[in-house]
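*Asks:*
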Amino acid sequence: MNNAQLNELKERYVAKGAASPATAFADRAENAQIWDADGKRFIDFAGGIGVLNIGHRHPKVVQAVKDQLDRVMHTCQTVMPYEGYVKVAEKLSQVVPVRGDAKVMLVNSGAEALENAVKIARAATGRNNVICFDGGYHGRTFMTMAMNGKVAPYASDFGTMPGCVFRAGYPVPEHGISEEESIRRLKMVLKTDANPADTAAIVLEPVLGEGGFYAAPTSFLRKIREICDEHGILMIVDEVQSGFGRTGKMFAIEHSGVEPDLMTMAKSMAAGMPISAVVGTAKHMDASCANSLGGTYSGSPVSCAATLAVLDVFEEEDILGKSRALGDKLAERFAKWEKQFDAVVHPRNLGSMAAFELNNAQGEPAPELAAELCKRAREQGLILLSCGMFGNTIRFLMPVTIEDELLEEGMAIIERNLEAMVGSKAAATA
982 MNNAQLNELK ERYVAKGAAS PATAFADRAE NAQIWDADGK RFIDFAGGIG
1032 VLNIGHRHPK VVQAVKDQLD RVMHTCQTVM PYEGYVKVAE KLSQVVPVRG
1082 DAKVMLVNSG AEALENAVKI ARAATGRNNV ICFDGGYHGR TFMTMAMNGK
1132 VAPYASDFGT MPGCVFRAGY PVPEHGISEE ESIRRLKMVL KTDANPADTA
1182 AIVLEPVLGE GGFYAAPTSF LRKIREICDE HGILMIVDEV QSGFGRTGKM
1232 FAIEHSGVEP DLMTMAKSMA AGMPISAVVG TAKHMDASCA NSLGGTYSGS
1282 PVSCAATLAV LDVFEEEDIL GKSRALGDKL AERFAKWEKQ FDAVVHPRNL
1332 GSMAAFELNN AQGEPAPELA AELCKRAREQ GLILLSCGMF GNTIRFLMPV
1382 TIEDELLEEG MAIIERNLEA MVGSKAAATA
């Protein structure tokens, strides 16, 4: 079927809230390229929203999935366990920087991982409250919608959110929130809303994902750790988008040296297969009773096989080194654009988790420019995403395995459209 036929089916049968606004349907993909149902090629700077750090259809992952399909597709690991689940648990416990000996539980999505992290924290502490941060994104289930630091479009139509969730300001100086102000607000929340004795966890992304790719300073993360230790609160780090090599380390929290109590991860964990995990200090992970955690498809044999293959690829192909090198290339190009275009501001990256913002002539966030840039790019064969509290951030989540010529082709599309949309400083001066 072609794009037009598939769009007719989408309009007829897919719920409006779940339907993609895109009109091109993916037909096949390889590394950093996708071809649609009409045969048009796209360069992928989105990576399925950070799912494809090692690219579309990495041969080692594809082979691992095929081999597993020839053996066992499903049993439900609580009914009859299998090797893949315990091997993934072993591998993750060895690479995740939580305090002390680690244990693991597997589920299917980032939101499920966050839901279960909260359950575990409540069981481990006997407390209810959860403190999150402005701009944070943790999922689309009810608890995680309550935890998100942004209302629309995630929670605007769905009524009252679960209680016992409180929020502080994330340190983003560009938004007027310094590190000192963020800590002040957090301490005020602990005084006015969330009694420390009733607070189970502080949950944060070490690098905001949907919130705009802002990295938390190391000093801030250390202060969070100190506050948690002072009050017996668990520190939960959400690495769903920043994990598995995006920042040049396996997990973003490693840049700080801070050891959380619990971590969540998903997305690039299995290069496109649905799986996620909560990894935490053993005594916390074991706090709830038998059969209290899990689900029918949690840690499926096929997804576990993909995860083990991904971890092998990281070792064999120096994925972390490639991420750092890609980040350097992006930072160099962003610096050029910041000089060339008045609209390009606040370029930033941690490894290849990179972004810049678009402002208007008055220096205000320009979400309309970001939307127009993404639209033009898509029309010209480049998949590009915006994000951020004000919708004016352009984020980069291409596979870190992207070929140099494809990277340059995609960056040239962006540069050409910035020139057409806002004009260069040199042209304005001439």
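Residues in the sequence shown are numbered consecutively from 982, following my numbering. We treat Cβ as the ideally placed atom computed from N, Cα and C, and that holds for glycine.
Where DSSP assigns a beta bridge to Glu1011, which residues make up the other side?
*Replies:* If you number the sequence shown from 1, residue 1011 lands on position 30. DSSP, once it has assigned bridges, lists Gln1014 as partnering Glu1011.
*Asks:* From the DSSP output, in three-state form, read off Val1221 for me.
*Replies:* Residue 1221 sits at position 240 when you count from the first residue of the sequence shown. It is coil, neither helix nor strand.
*Asks:* Can you pull the DSSP bridge partners for Phe1315?
*Replies:* Within the sequence shown, the letter at position 334 stands for residue 1315. BP columns for Phe1315 are empty, so no partner.
*Asks:* Do you know whose CA, among Arg1227, Gly1362, Phe1201 and Thr1004, lies nearest Phe1114's CA?
*Replies:* Position 133 of the sequence shown, counting from 1, holds the residue named residue 1114. Of Arg1227, Gly1362, Phe1201 and Thr1004, the residue nearest in Cα terms is Phe1201.
*Asks:* Which two residues bound the contiguous beta strand (DSSP E) that contains Met1334?
*Replies:* Taking the first residue of the sequence shown as 1, we reach residue 1334 at position 353. Its beta strand (DSSP E) spans residues Met1334 to Leu1339.
*Asks:* Quick check for students: name the residue ranges of the beta strand (DSSP E) that lie wholly in the region 1074 to 1101, counting only runs of 3 or more.
*Replies:* Taking only runs of at least 3 residues, the beta strand (DSSP E) segments lying wholly in the region 1074 to 1101 are 1083 to 1088.
*Asks:* Chain B beta carbons: is any one of them nearer than 8 angstroms to that of Arg1022?
*Replies:* No chain B appears in the structure shown, which is made up of a single protein chain.
*Asks:* With C-beta atoms as the reference, is Ala1175 less than 8 angstroms away from Asn1110?
*Replies:* On the sequence shown, residue 1175 is found 194 positions in, with the first residue counted as 1. On the sequence shown, residue 1110 is found 129 positions in, with the first residue counted as 1. Yes, the pair counts as a contact, with Cβ atoms nearer than the cut-off.
*Asks:* Quick one: what's Thr1245 bridged to in DSSP?
*Replies:* Position 264 of the sequence shown, counted from the first residue, corresponds to residue 1245. Partner(s): Asp1219 and Val1259.
*Asks:* With 16 other CB atoms within 10 Å as the buried threshold, where does Met1061 fall?
*Replies:* Here residue 1061 refers to the residue found at position 80 of the sequence shown. So Met1061 counts as exposed.
*Asks:* So, Gln1058 versus Gly1280, is the Cβ gap smaller than 8 angstroms?
*Replies:* Against the sequence shown, residue 1058 aligns to sequence position 77. Against the sequence shown, residue 1280 aligns to sequence position 299. Contact: yes.
*Asks:* Would you call the region 1199 to 1219 in contact with the region 1227 to 1242, where contact means no fewer than 3 C-beta pairs closer than 8 angstroms?
*Replies:* yes
*Asks:* Taking only runs that begin and end inside the region 1101 to 1175, name each unbroken beta strand (DSSP E) of 3 or more residues, in chain order.
*Replies:* DSSP runs (the beta strand (DSSP E)) wholly in the region 1101 to 1175: 1110 to 1114 and 1146 to 1149.
*Asks:* Using DSSP with H/G/I as helix, E/B as strand and the rest coil, what is Thr1374?
*Replies:* The count along the sequence shown starts at 1 and reaches residue 1374 at position 393. DSSP places Thr1374 in strand when its eight states are reduced to three.
*Asks:* So, are the CB atoms of Pro1187 and Ser1223 less than 8 angstroms apart?
*Replies:* Here residue 1187 corresponds to residue number 206 of the sequence shown, with the count starting at 1. Here residue 1223 corresponds to residue number 242 of the sequence shown, with the count starting at 1. Yes, these two residues count as a Cβ contact at 8 angstroms.
*Asks:* Can you list, in chain order, the residues of its chain whose CB lies under 6 angstroms from that of Leu1185, leaving out five sequence neighbours each side?
*Replies:* As a first step, residue 1185 must be located in the sequence shown, where it is residue number 204. Only Phe1114 meet the Cβ criterion.
*Asks:* Based on DSSP bridge pairs, tell me the residues matched to Ala1196.
*Replies:* Taking the first residue of the sequence shown as 1, we reach residue 1196 at position 215. Here Ala1196 is bridged, per DSSP, to Val1188.
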